[in-house]
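First residue of the sequence shown? That's 0 in numbering that gives the first Met the number 0, and the numbers climb one at a time after it.
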Amino acid sequence: MRHDGQWWAEAVVYQVYVRSFADSDGDGVGDLAGVRSRLGYLELLGVDALWLSPVNPSPGLDHGYDVTDPREVDPLLGTLDDLDGLITDAHAHGLRVLVDVVPNHTSDQHEWFRAAVSSAPGSPERARYHFRPGRGDRGEQPPNNWQSVFGGPAWTRLTATDEDGTSRPDEWYLHLFAPGQPDLNWENPEVWADLEKTLRFWCDRGVDGLRIDVAHGMAKAAGLPDDRRQPGWTPVSDELVDPRFDQDPVHDVHRLIRAVLDHYPDRMAVGEVGTVRDDARWAGYVRRDELHLAFHSALRDAAYDAVAVREAIDRTLAAAGSAGAPAVWTLSNHDLVRPATRYGEGADGPARARAMALVALALPGTAYLYHGDELGLPDVELPAEARQDPTWELSGHTDPGRDGARVPLPWEGEGPGYGFTTGTPWLPMPEAYGALTAADQLEDPNSTLSLYRHALDLRRSHPAFHGDQVEWFGAPAGCLAFRRTGSTLVCALNAGDRPVPLPPGDVLLTSAPLTDCGELPPDTAAWLA
Ligand code: NOJ
0 MRHDGQWWAE AVVYQVYVRS FADSDGDGVG DLAGVRSRLG YLELLGVDAL
50 WLSPVNPSPG LDHGYDVTDP REVDPLLGTL DDLDGLITDA HAHGLRVLVD
100 VVPNHTSDQH EWFRAAVSSA PGSPERARYH FRPGRGDRGE QPPNNWQSVF
150 GGPAWTRLTA TDEDGTSRPD EWYLHLFAPG QPDLNWENPE VWADLEKTLR
200 FWCDRGVDGL RIDVAHGMAK AAGLPDDRRQ PGWTPVSDEL VDPRFDQDPV
250 HDVHRLIRAV LDHYPDRMAV GEVGTVRDDA RWAGYVRRDE LHLAFHSALR
300 DAAYDAVAVR EAIDRTLAAA GSAGAPAVWT LSNHDLVRPA TRYGEGADGP
350 ARARAMALVA LALPGTAYLY HGDELGLPDV ELPAEARQDP TWELSGHTDP
400 GRDGARVPLP WEGEGPGYGF TTGTPWLPMP EAYGALTAAD QLEDPNSTLS
450 LYRHALDLRR SHPAFHGDQV EWFGAPAGCL AFRRTGSTLV CALNAGDRPV
500 PLPPGDVLLT SAPLTDCGEL PPDTAAWLA
């Protein structure tokens, strides 16, 4: 393995969705000063780094993933000084800092896009994005049949206004996400130069790592051909490839990112590599001269089932190993239904989420935790009028969107703000969050927070946490057990429906009490050494 001694190879990174973490000024939206005031909590929790979801100015359509200036801070969240202070304080607490970078698209309010809208077809201003005339006699149909990830066509037509005030239809522009997120044209050198500037900007400010949004995006299939996987096309080959994502030239973008980061000591980039054709293509993103790390979707997409979880672990280790990169384990982020809800109803979900947290934290590689999962927060079913995620509207109200995982964290006390804010939280916090506050859980040795603290402490200090592969043990049906290679650390998960004997070893930690006869109950994981 090539990553000996690199801090990110084994680190536990805590994702802070800034607007939902802690609000310092009572406007109901979390901010950088709020994060800064809670660094002691992160140190107590025992993570190594925090990843800040986008902090750039943004109209907030996709909460920061629609950026108007990649080298500024959104006034809603604070100032560049606040960010500098946060980085300095985080380092003083022994925490590294990652920021999100969004190279695939900008906001439609970015000065580049505004200039493009007011410029003529064929102008250099339009060449920074993907503008095309429409199809059909009057250009009334989109240039191709691509669909947006959030629902609906991936093209929107502009309306031009002439000097005399009359309007007429104009060109179409491409947006793989919301219409307010136009895709940049990565065949344009200005776009490359701007990313390079952004990367240097963050490295110069002292951030330790970058999370690259939609890392499999940027390059589109040459000529923007129709997507033959859409209805209306007779398949012409078995290899139906998504023309929107994972195109070979994207790797040059990652080579640029790597080349810039290599100029700074100890910096890393982790890519959000979404669905790609296969694991060989996935591994391409973490080649020696590309990203240091990439998220793999197998474990987070796996059902709560011992066979599925084991397969996901094997796949992820094999894919990362084939490129010589550390594996990245994550069960959750701001785009997914929270594990405590996703893994089952009633009390099952939270118990399973605790068990799966021990599985993920036992594995070789680095782990990414999403804020609030350490409190066992459930996903929240929000009333339609409270929903803010663009997916809700763009899917024609068929997909409720991702707001349920973005409801602010309950820190202490009573609603409506539960210590998150003295004002009105930007998404309503349910009463159920009142029983899950960080303050209460810190006092309770059986809480989910105490489990995470204990697990992270062991992971950091116990000598058994080494070895970069896993060896599987035979396990009863519905269960799994593995040992880290060359180490004594064993992790067992009972995803079945009756208690089972534990593998041999001294119990270090369990996600729930063992049975009276010392067996591992259903929906429980144990660490032994
Ligand atoms: C992935 C981010 O995680 C998600 O929140 C965002 O909506 C899309 N990329 C578009 O930037």
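Idealized CB from N, CA, C, for every residue including glycine.
Since the structure is predicted, the reported quantities are computational estimates derived from the model, not experimental observations.
Query raised in the report: Using the rule of at least 16 other Cβ atoms within 10 Å of the residue's Cβ for burial, across every protein chain shown, is Gly-4 buried or exposed?
Result: exposed
**Report entry** Local conformation of Arg-1 per DSSP, three classes
**Finding:** For Arg-1, the predicted model reports a pLDDT of 46, less than 50, meaning its position is unreliable; a value from the coordinates is still stated below. DSSP places Arg-1 in coil when its eight states are reduced to three.
Query - Closest Cα partner of Asn-184 within the set Thr-421, Ala-359 and Val-249 - result: Asn-184 has its Cα closest to that of Val-249, out of Thr-421, Ala-359 and Val-249.
Query raised in the report: Is it a yes or a no for the stretch 104–113 touching the stretch 52–61, going by three-plus beta-carbon pairs under 8 Å?
Result: Three or more beta-carbon pairs drawn from the stretch 104–113 and the stretch 52–61 are found closer than 8 Å, and the two stretches are therefore classed as touching.
**Report entry** Residue ranges of each alpha helix (DSSP H) within the stretch 441–512, 4 or longer
**Finding:** With a minimum length of 4 residues, the continuous alpha helix (DSSP H) runs that stay inside the stretch 441–512 are 447–460.
Requested in this report: Taking only the alpha-carbon atoms, compute the straight-line gap between Tyr-369 and Tyr-16 and give it to the nearest angstrom.
Outcome: If I take the Cα positions, the gap works out to 8 Å.
Query raised in the report: Is Glu-392 near ligand 1, going by C-beta to nearest heavy atom under 8 Å?
Result: no
Query raised in the report: In terms of residues, what are the limits of the alpha helix (DSSP H) holding Trp-328?
Result: Going by DSSP, Trp-328 is part of no alpha helix (DSSP H) but of the beta strand (DSSP E) stretching over 327–329.
Query raised in the report: Of the choices Arg-287, Arg-134 and Asn-143, whose alpha-carbon is the least far from that of Arg-228?
Result: Asn-143
Query raised in the report: Span of the beta strand (DSSP E) holding Glu-170?
Result: 166–173
Query raised in the report: Buried or exposed: where does Val-358 fall if 16 or more other Cβ atoms within 10 Å of its Cβ makes it buried?
Result: The residue in question, Val-358, is buried, as its Cβ has 16 or more Cβ neighbours within 10 Å.
Requested in this report: Examine the Cβ distances between the stretch 374–394 and the stretch 333–350 and report whether three or more of them are shorter than 8 Å.
Outcome: yes
Query raised in the report: Whole-angstrom Cβ separation of Leu-97 and Asp-207, contact assumed at under 8 Å?
Result: 7 Å
Query raised in the report: Across which residues does DSSP place Gly-208 in a beta bridge pair?
Result: Leu-97 and Met-267
**Report entry** The alpha helix (DSSP H) enclosing Leu-535, as first and last residue numbers
**Finding:** With the chain covering 0 to 528 only, the question about residue 535 has no answer from this structure.
Report task. Using only the heavy atoms of ligand 1, determine whether one of them is closer than 8 Å to the beta carbon of Phe-176. Result -> yes
**Report entry** For Asp-182, three-class secondary structure by DSSP
**Finding:** Three-state DSSP puts Asp-182 in a strand.
Requested in this report: Let me know if Trp-145 comes out buried or exposed under the rule of 16 or more other beta-carbons within 10 Å of its beta-carbon.
Outcome: buried
Query raised in the report: Cα-Cα, which of Asp-467, Gly-504 and Pro-152 is closest to Pro-178?
Result: Measuring from the Cα of Pro-178, the nearest candidate turns out to be Pro-152.
Query - Cα-Cα separation, Leu-488 to Leu-479 - result: 14 Å
Report task. Kindly provide the ranges of any beta strand (DSSP E) runs that are 3 or more residues long and lie completely inside the stretch 96–164, ordered along the chain. Result -> Runs found: 154–160.
Query - Under the three-state DSSP convention, the category Val-12 falls into - result: The answer is strand: DSSP assigns Val-12 an E or B state.
Report task. Report yes if the C-beta distance between Phe-130 and Tyr-172 is below 9 Å; otherwise report no. Result -> Yes, the pair counts as a contact, with Cβ atoms nearer than the cut-off.
Report task. Could you round the C-beta distance between Tyr-303 and Ala-494 to whole angstroms and report it? I think they count as a contact, below 8 Å. Result -> 6 Å
Requested in this report: Label Arg-127 either buried or exposed according to how many other C-beta atoms from any shown protein chain fall within 10 Å of its C-beta, with 16 as the threshold for buried.
Outcome: buried
Requested in this report: Determine the direct distance from the alpha carbon of Gly-371 to that of Val-34, and round the result to whole angstroms.
Outcome: 14 Å
Report task. Can you check the stretch 310–344 for any alpha helix (DSSP H) of at least 4 residues that lies completely inside it and give the ranges in chain order? Result -> 338–341
Query raised in the report: Would you say Ala-311 and Ala-301 are within 9 Å of each other, going by their C-beta atoms?
Result: yes
Query raised in the report: When you compare only the Cα positions, how much space is there between Asp-26 and Pro-407?
Result: 13 Å
Query raised in the report: From the beta carbon of Glu-189, is the nearest beta carbon of chain B less than 9 Å away?
Result: Considering every chain present, this structure includes no chain B. It has just one protein chain.
Query raised in the report: Since Ala-350 contacts Tyr-284 with CB under 8 Å, what's their CB separation in whole angstroms?
Result: The Cβ separation is near 35 Å, so there is no contact.
Query raised in the report: Roughly how many whole angstroms lie between the Cα atoms of Gly-135 and Val-240?
Result: C-alpha separation (whole angstroms): 25 Å.
Query - Beta-carbon separation (whole angstroms), Arg-353 vs Thr-447, contact threshold 8 Å - result: Sure, about 6 Å apart at Cβ, within 8 Å.
Query raised in the report: Can you give the beta carbon distance from Ala-273 to Trp-328, rounded, assuming they're within the 8 Å contact cut?
Result: Strictly speaking, residue 273 in this sequence is Gly, with Ala absent from that position. With a Cβ gap of about 17 Å, Gly-273 and Trp-328 do not count as contacting.
Query raised in the report: Which residue's Cα is closest to the Cα of Ala-356: Gly-400, Ala-385, Leu-298 and Arg-314?
Result: Leu-298
Query raised in the report: What residue does the alpha helix (DSSP H) around Leu-374 start on, and which one ends it?
Result: Neither: Leu-374 is in no alpha helix (DSSP H) and is coded neither H nor E.
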